[in-house]
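Structure first, commentary second.
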Amino acid sequence: MPVKTTENGEFKPLIVAFCCNWCSYAGADLAGTSRLSYPADVKIIRVPCSCRVNPLFILRAFQRGADGVIICGCHPGDCHYTTGNYYARRRMTLLFSMLDYLGIERKRTRVEWVSAAEGVRFSEVMNDFAKHITELGENKKLEDLRCKKSLD
Amino acid sequence: MYYKMKVEKLPELYALIASEKALYLPIEQAGAVEFRKWDESSCVRLDCLNTLKSAKGVFLPQSENLVAFKTEGKNISVIDNSETAFPFVIFGVRACDARSFDILDRVFLSDPVDTYYKTRRDNATVVTLACNEPEETCFCRNFGIDAADPAGDASAWIVDGELYVRPNTEKGETFVSRLSQLLEEASDVEKLEAAKQSVRDILGKLPFAELNLDRFKGDNMLDIFHDPAWKSLSESCLGCGTCTYVCPTCQCYDIKDFDTGSGIQRYRTWDSCMFSDFTKTAGGQPRPSQVERFRQRFMHKLVYYPMNNDDIYGCVGCGRCVAKCPVSMNIVKVIKTLGGEKK
Amino acid sequence: MHRIGVFVCWCGTNIAATVDVKAVAEAARKEPGVVFATDYQYMCSEAGQALIRQAIKDNALTGVVICSCSPRMHEATFRKTVQAAGLNPYMLEIANIREQCSWIHKDIKEGTEKAIILARTAIAKVMLNKPLTAGESAVTKRALVIGGGIAGIQSALDIAEAGYEVDIVEKQPTIGGKMTQIDKTFPTLDCAACILTPKMVDAAQNEKIKIFSYSQVEEVKGFVGSFKAKIRKKARFVDENLCTGCGDCTSKCPSKKNKNEFNLGLDNRPAIYIPFAQAVPKVAVIDAEACIKKKTGKCGLCEKVCSAGAIKYDQQDEIIEREYGAIVVATGFNPIKLDKYDEYAYSQSPDVVTSLELERLMNAAGPTQGTLLRPSDGTHPHTIVFIQCVGSRCDDARGKSYCSKICCMYTAKHAMLIREKYPDTDVHVFYIDVRTPGKNFDEFYRRAVEQYGVDYIKGMVGKVIPHDGKLLVQGSDLISNEQVKIDADMVVLAAAIEPDPTARSVATMLTASIDTNDFFTEAHPKLRPVESPTAGVFLSGVCQGPKDIPETVAQASACAAKVIGLLAKDKLLSNPCVARADESLCSGCSVCQNVCPYGAITYEDREFRIPGPKRSEIRRVAQVNEAVCQGCGACTVACPSGAMDLKGFSTKQIMAEVDAICR
Amino acid sequence: MQEIFGLIKEKAEKLFADGSVNRVLGWKKGETEYDRIPSVFESAEELEEFVYDGFCAANLSKYLIRESREDGKIAVLLKPCDSYSFNQLVKEHRIKRDNIYAIGIDCDGKLDIDKIKAAGVKAIQSIEENGSEVIVHTLYGDKKFNRQDVLLERCLCCKGKDHVSGDEFILAQNRVDTTVKDRFEDVRKLEAMTPDERFEFWRSELSKCIRCNACRNVCPACNCIKCVFDNEDSGVAAKANVDTFEENMFHIIRAFHVAGRCTDCGECSRVCPQHIPLHLLNRKFIKDIDELYGEFKAGADTETKGPLTDYRTGDAEPSLISDRGGSN
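Residue numbers (my numbering), protein chains in the order written: chain U, 214 to 365; chain P, 722 to 1064; chain V, 87 to 749; chain H, 1306 to 1633.
Structure follows, in C-alpha cells:
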C-alpha cells in the first residue's frame, strides 16, 4: 500500500491516469515541456489508444488502492485510429454508470479528451481531478482489504 | 437428562452464551440465512431448515488465510497470519449437518491432521436442533440419520413454545451447566417423545424417504463407474459449483496465492470437482469433460467415501443440492437412476 | 530469470535538479529482477548509449529500463541502442521522469519519490515484455483505381507517370464521369470537355494504364501491398478490340426511343450507342433491355452494318482477377433524387430542372445543341429562378445535413452564362448563404451580381406552382422581410450531392469505413486526409466529401503521391505491437471484427483437440492480419474472454503497471 | 398448456419418425414435483419422459453450443424469450444454425418454486396447474395460489409473446400475457436512491454471493471457451469471494462482458441459489443503452451491430455520469 498522507498528516490521493499515446500522452509531455505542474499523485500509464483501456484495469487500480482513475484520449473525431475513442466513450460511459449504480462515488472516475497541443489543459485537468479526489478522500468502496492490510 | 426453558427466553440464552464464547446461529441477512456470528441486532432464524451454505463453513470456511509472504525489495519473509483460535458455540445445527461433521472429521482429522480445521473443531461446542417440519427435499433418513433426534455435543428441540436441551457429551454438559440460570430440568419428556415420533412419521412419508442404496457397495465400483447412464445424467450439468458449495460434506479445496502488491497472501478456498479446472495439472485435465467430473462427484459421495470409511456414505441427505441445482439434476436422481427405485 | 538493467539519465540538470538520480538508481537496484542500475549525465549521448550497450553485455541483461525523457522523444533511439548490443529492441521500457516528473515538480523529495515509482512501473512492465519482430510483406507494384471520373483519371495518370501500372475500373461504358456532362467550369468559364477529354485520351493511351470500362469490382481480398480483386467486365455485346467507334450501328438501330443517360433523359438514344462523341473507349455498347435482337431474337441490323464484325450478341460477363498493392477509391457522387421535394414541382413540370440538367441544356453537345430552351415547349425562357440548397444543409430526413459545397459557385456560373448569352432573361437566385471560399470565387460571384445583374434573394422558396405554362415561385426575401412571387419560365434546382450508391458496397468490400452519409472516412481528418484507415486504401475525390474540380484534382494527385510512396517500397515493415488472438480461448464471436477499424480480423475454422471420445472439434477462431492491424487495441477490450491481446501493451503488462504504481 | 404439450410431443415424434432430426432438446421430469431437467431425447421412445409445463423455465439455447456440433440435426424447443438468446448465439457464430430445427413454443409464464416455498410451503407432494390457479398439495395440507403471484420475476415483465426466430411455431389459441410491470421499474427505484443507499443495497446483495458460477454457467451470453475468471493467466481468476472487492468485480465485469449481448432472459437470477437480483445489473446496462444509444434488443435479429461494437460521433460523454450531481 502506498503512503497516503503527507508529512503533516493530510490525505494524499493515488491517481492513475491512462493516456493514449498520440494525443493525451503527448499533451502530458507538452505540459512537462511547458513546466506546467500538477500533483505528483498522478501517475501516467501509456496506452496506444483510449480504447485499449479495459474496465478490468480500472477496477484493478481501485483494488490496489487507487483513489481515482482518469482516462485520457484524443478528442472525438481526432483519434489516431479513427474510431478508438468512440468505443472507449461508450464503454466508459456505461462502466461509470454501472459504478454509480453500485453506489461508488461518481467523481472517482473520469474521461477527458486532451489533444497533443493541450498541455495547459492537461495540467488543468489533472489539477482539477486531483482536487476532486482529495476532497472525496480515500476510496473505501472499491478497495481490496488484502492489499490494504499490511501482511504482518 | 433433558432441560428446558420458554422459547421467549431465547434472546437471553444467546446473550448468555455469547457473554462467554462466540456464538454461531442461523441468521438472516438480505434474505439469506447462514450460520453467522450472533450479536444483539441479528435476525435469528431457528425455523430455517437448511441454511443456504451448510454449517461446515464454521469449521472449513469458504476461504481462509494460511500464511503470507512479505516482500521488501529482494527479501521475502514468511508470516503466519492465519486466524487466531477462539472458543465458540454453534447452535441450531440440523441432524444432517451434524452428521456432516463426522464425515469431514474422517478426512481432516486423520493423518495428516489439518490443524486449521482441528483447532476450530476443538474449540467448538455443537448444539443441534431437531427438525419439526422436514421438506420434500429431505432424505437424511436413508443414511440412518434421525432428524427428530439429532446428534452433537448437545441436542435441542422446540416443542410447544419450549426449548428442550439434552447434553450428549462432556462439552455438552459444560454447555448446559453454564446456562443453569435459564434452564430447568424437564419432567415432561413424554411430550417431547411424542413430538419426535410425529416428525419421524412425516419423515417416513417424504417422497425420498426410501431410496435404494444397495448397489453402491465397494464391489460394484467398476460396474457403477462404467455405467452408461452417467452420460445422460450429466448432459444437463452446467459445470457450476452450486451443489458443491451448498453441500455439507464436500471437502475439496484449492490453495491459491494472491499478490497483494507488497507480498503474497496464501489462502485456501473451497473448490468444486464440477469446475473444468479442478485438479488440472501440467499434464492436463484428468477428468476432461463434464461426464467424468459429474461422475466423480457422485462416485465419491456414494462409492469411494464409504469404501474408505466403514460404509458411511458421503451424503447426509440434507437436500440442499436438490433444491438449488439450476438444472434440477441431483444426487437423488443419480441414486434412483443407477440404483433403481424403492427397495 | 530476469536480468534487468536500469539506466537513470540526469538530462544535465533537467532531471537531476529535481530528482535525486542516484536515489532512483539505488531504489531500482533493490527491485526484484534488477541486476544492474546506474545513472549518467546524458543517456542519449553516444557515451551514454555506449554505457548501455556495455552494461547489456557485461551483465547479460535480458531487459532494459531507461529513466529519462518521454518515450516519444528517444524510444526509437534507445531501441536501436539495445538492438546494437544484441537485445531485442522491444525488450526496452522508458520511464518518463522528465516531462512527467522533474519538469513539473519543484520539490526534490516529491520528484524523487515519483521517479522511483515510475521506474518501478517500467521495471514491472519490462519483465513481461516479449521479444517482438516487425513483420515483412511484399508489395505488388500495381494500383487499382475504382471509378474513372476526373478523380480516378488524375490519380491513375499520376501513378502511371511515376512508372507504376494502374487499372481503372469504371462502371459506365466510358470513363470521364460527371465532368463529361458539365458545360463550363467555374471560375474560369473554360469548357469542361476541352480540359477533360485530353486527360481521358492520355489515360487510354498510357501503356501503364489499363481501363476496364463497363466493369465493376466484385470482391477484394488481402491487405496492403497484396490485394486480390475480382473485376466483373459486363458484357457490352460489342467486341472492344474490333469496334472502331464509327457509329454506323447506332444510326441504323431501329430501337431509338431509349432515355439517353448522358443527357439525363432529356433526349433519346438508340439501343446500341456510344455515350458521347469523345467517349473513352470509343466503343459501342448494346443496351440489352432495349435491343430488339436481345429481346425477340429478330433484328440483327447492327450486326449487318458493322463492317468490323464487332457485334457479339452472345457475349458473356467476364470475371478478371488481378493483384494490386494499393487501391484508390474514386467512386464519386450523384445529385440526390428530388422525388421528395414536391413543393418545387420537379416531377410535375418539365421546366423545373436540376442544375446538372441545365448543364446539358446549355451544352453544345446536349439535346438542344446549346440553345437554352424550355423542355416543355422548346421556347426561350425569359425568367429563370434558381433555388439553392435543395436537400443540402437540411435538417430533416429528406435531405443531407451537410453543405454540398459546389452549388453556390455553379449557380453563379449558370446565372452569369445565361445573362451573357440571353441578356433579355431575368435571373433570380434564392439562397440561404452564398459560400465562396476559394481562389477567385468571391470575385466570380460578385461579377454575377454586379456585372451581370443577377438578382440574388436571401430566402427560401416555399412553393413552385405550375400554371398556364408558367411556374409561380413563392418565396420569402429575408432581407426586406417580404413575400416574393415570381412568374418564371424555368426553375433550376441546386440538388444536393451524395456519394455514389456503390460507395457502401465498395467500403464493405475494402473494410474501409464510411460515415453516416456514406462518405469515406479518412485515416485522420486533418493529417491523413487522402488515406482511409484501412492500410493501402486511398481516397480520391468526392467519395470522401463534397469537392469542386480543382480540389478533386488536387486530392487525386495527393492520393497518387501516397500510392506511389507505397508502391515504391519493395517490402512493408509492420509495427509489431499488434493484436494477437489466442486461438485456445477464442470462441469466434466476431465482436473484435466489429470494432476493428482496419478490417484486420478474419476468421478461420480450425481443428482443436478436445477431451472426450470425439477427440477434436472444428472451431471458428479469429486471425489477425499483422500487416493490416495498427495496434489500437479496440479488439482487446471488446473480447470478453481475453483471447485478444495486444503485443507490447498486453493486459498483463498494463496490469503490472497498475500494480506497480499502486504498490 | 396441456394441449400445447400434446402438440409438441406429437411434433417431436413426427420429426423422429420422418428422420428430419436425430435428437430433440427439451425438458424431462426431475425428482421433485417441480424439477424439470433440460434433456436431449435421442428417440421417440425416450420422449415418454418429456414434459412441458409451468416449471420448464430453463432456457435451452445455450446447450445448442455443444449439441449443434454433434452429428445430425437437433430440434430445440424455444419459448419466446429463449428465441432472443438463440438469435444472439447465431449472431455470434456460437451455434450452427444449419444443424438445428428450432420450434417456437407457447409460454404462459413460468412458475417460481421459491416464491411458492417462501409462502411457507413444505413437503410438497404434488402441484396442479389449473388455469389461473396453482394448487400445491403437501404433507402439511394444500395451498392454493393465484398463478400470477408465483410467476418468475422475468415473466412479470415478459419481453413479448412473439418469437424472433424459429422454423416452426406451436402456439396456444388463447395466449396469456403475464406482463404486469415495466422491466426497468426496479432499476429506476435503485437509481432514485442515494449512492450510499445503493452501495448498501448492493453490498448486502452481493455479499451473499458464494461464487458458485451458476449465473455465469447458465447464461447464454457467457459462452467463452474459458472465462477470464477461470483463467489463471488473466490476472483476475478467483474461486471464492475472498474479499468484498472480488464480489463486486465479478459481477461488474460479468455484466459488462454481456452488456449489449444480454437478452434479459433472466436465467441468472432464476438460478442464483442466493436469490441475488442479478438481472438488475444487466437491466441497468440495457436501460442505459436504450436511453443513451437508442433502443436495442439483443437477439432481436442476427445482424445488427451490438451497441458496444458501434458508435455515433455525437454519443453522450462519460461526464454525463459525474454530472448527475450529488456530493460524490
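Built from N, CA and C at the ideal position, the CB exists for glycine as well.
Compute the Euclidean distance between the alpha carbons of residue i and residue j, then round it to the nearest angstrom.
i: Ala114 (chain V); j: Thr296 (chain U); result: 38 Å
i: Gln1006 (chain P); j: Phe999 (chain P); result: 8 Å
i: Leu557 (chain V); j: Asp512 (chain V); result: 14 Å
i: Ile976 (chain P); j: Leu1383 (chain H); result: 42 Å
i: Pro1582 (chain H); j: Cys675 (chain V); result: 27 Å
i: Gln1579 (chain H); j: Met1050 (chain P); result: 18 Å
i: Lys1064 (chain P); j: Tyr974 (chain P); result: Only weak support is given to the placement of Lys1064 (chain P): the predicted model assigns it a pLDDT of 46, under 50, and the value that follows is read from those uncertain coordinates. Near 36 Å, if we compare the C-alpha coordinates of Tyr974 (chain P) and Lys1064 (chain P).
i: Ile209 (chain V); j: Pro732 (chain P); result: 58 Å
i: Glu1551 (chain H); j: Met213 (chain V); result: 26 Å
i: Asn340 (chain U); j: Asp254 (chain U); result: 10 Å
i: Val814 (chain P); j: Glu117 (chain V); result: 51 Å
i: Glu894 (chain P); j: Cys764 (chain P); result: 27 Å
i: Asn1479 (chain H); j: Ile1309 (chain H); result: 11 Å
Hey, would you say residue i sits closer than 8 Å to residue j, going by beta carbons?
i: Ser626 (chain V); j: Val415 (chain V); result: yes
i: Met595 (chain V); j: Val303 (chain V); result: yes
i: Cys262 (chain U); j: Val327 (chain U); result: no
i: Met311 (chain U); j: Phe1590 (chain H); result: yes
i: Gly98 (chain V); j: Gln135 (chain V); result: no
i: Cys329 (chain V); j: Ala394 (chain V); result: yes
i: Asp948 (chain P); j: Leu1023 (chain P); result: no
i: Lys725 (chain P); j: Val886 (chain P); result: yes
i: Thr226 (chain V); j: Ser301 (chain V); result: no
Which residues of chain P have a Cβ atom closer than 8 Å to the Cβ of residue i, listed in chain order?
i: Cys748 (chain V); result: Gly982
i: Lys38 (chain V); result: Residue coverage of chain V in this structure runs from 87 to 749, which leaves residue 38 (chain V) outside it and unanswerable.
Residues of chain P with CB closer than 9 Å to the CB of residue i, please, in chain order.
i: Gly1377 (chain H); result: Neighbours of Gly1377 (chain H) on chain P: none; closest Cβ ~15 Å, over 9 Å.
i: Ser1344 (chain H); result: Ser953, Glu956, Ser957
Skipping 5 residues on each side, what residues in its chain have a beta carbon closer than 8 Å to that of residue i?
i: Ile492 (chain V); result: Ile583, Pro632, Lys633, Asp634
i: Val505 (chain V); result: For the sequence presented, residue 505 (chain V) should be read as Arg rather than Val. Taken in chain order, the residues that qualify are Thr511, Val513, Ala534, Tyr538, Gly539, Val540.
Might you give, ordered along the chain, the residues of its own chain that have their beta carbon closer than 6 Å to the beta carbon of residue i, omitting 5 neighbours on each side?
i: Tyr1034 (chain P); result: Phe864, Pro1027
i: Ile358 (chain V); result: Cys335, Thr336, Cys339, Ala370, Ile372, Cys388
i: Arg346 (chain V); result: It is Asn, not Arg, that sits at residue 346 (chain V) in the sequence shown. These residues qualify, in order along the chain: Asp353, Asn354, Arg355.
i: Met730 (chain V); result: Ala665, Ala667, Cys678, Cys721, Thr722
Between residue i and the rest of its own chain, which residues show a CB-CB distance below 7 Å, the 5 nearest in sequence each way excluded?
i: Ser1388 (chain H); result: Gly1409, His1468, Val1469, Ser1470, Gly1471
i: Ser1632 (chain H); result: Residue placement at Ser1632 (chain H) is flagged as unreliable, the pLDDT there being 47, under the threshold of 50; the coordinate-derived value follows with that caveat. So the list is empty, once near-sequence residues are dropped.
i: Pro615 (chain V); result: Glu608
Counting only Cβ pairs nearer than 7 Å, list the residues of chain U close to residue i.
i: Phe735 (chain V); result: Val260, Pro261, Arg265
i: Ile190 (chain V); result: Ala244, Gly245, Arg248, Leu249, Ser250, Tyr251
i: Phe979 (chain P); result: Arg359
Starting from the beta carbon of residue i, find every residue of chain V whose beta carbon is closer than 7 Å, and list them in chain order.
i: Gly222 (chain U); result: The contacting residues do not exist; Gly222 (chain U) stays about 16 Å from chain V at best.
Using a C-beta to C-beta distance shorter than 8 Å, which residues of chain U count as neighbours of residue i?
i: Gly719 (chain V); result: Val260, Pro261, Cys262, Cys264, Arg265, Gly297
Taking C-beta pairs closer than 9 Å, name the residues in chain H that residue i reaches, listed in chain order.
i: Lys1057 (chain P); result: Glu1336
Residues of the segment 205 to 217 of chain V with Cβ closer than 7 Å to any Cβ of chain H, in chain order:
none
Quiz item: Between the segment 291 to 310 of chain U and chain H, which residues of the former have CB atoms less than 7 Å from a CB of the latter, in chain order?
Solution: Thr296, Tyr299, Tyr300, Arg302, Arg303, Arg304, Met305, Thr306, Leu307, Leu308, Phe309, Ser310
*Given a limit of 9 Å on CB to CB distance, which residues of the segment 1531 to 1542 of chain H reach chain V?*
Lys1531, Cys1532, Val1533, Asn1536, Asp1538, Ser1539, Gly1540, Val1541
task: Scan the segment 1439 to 1451 of chain H for residues whose Cβ lies nearer than 8 Å to a Cβ of chain P and list them as they occur along the chain.
output: Thr1443, Leu1444, Tyr1445
* Contact set between the segment 338 to 360 of chain U and chain H, restricted to residues whose Cβ is under 7 Å from the partner -> Leu349, Lys354, Leu355, Glu356, Asp357, Leu358, Arg359
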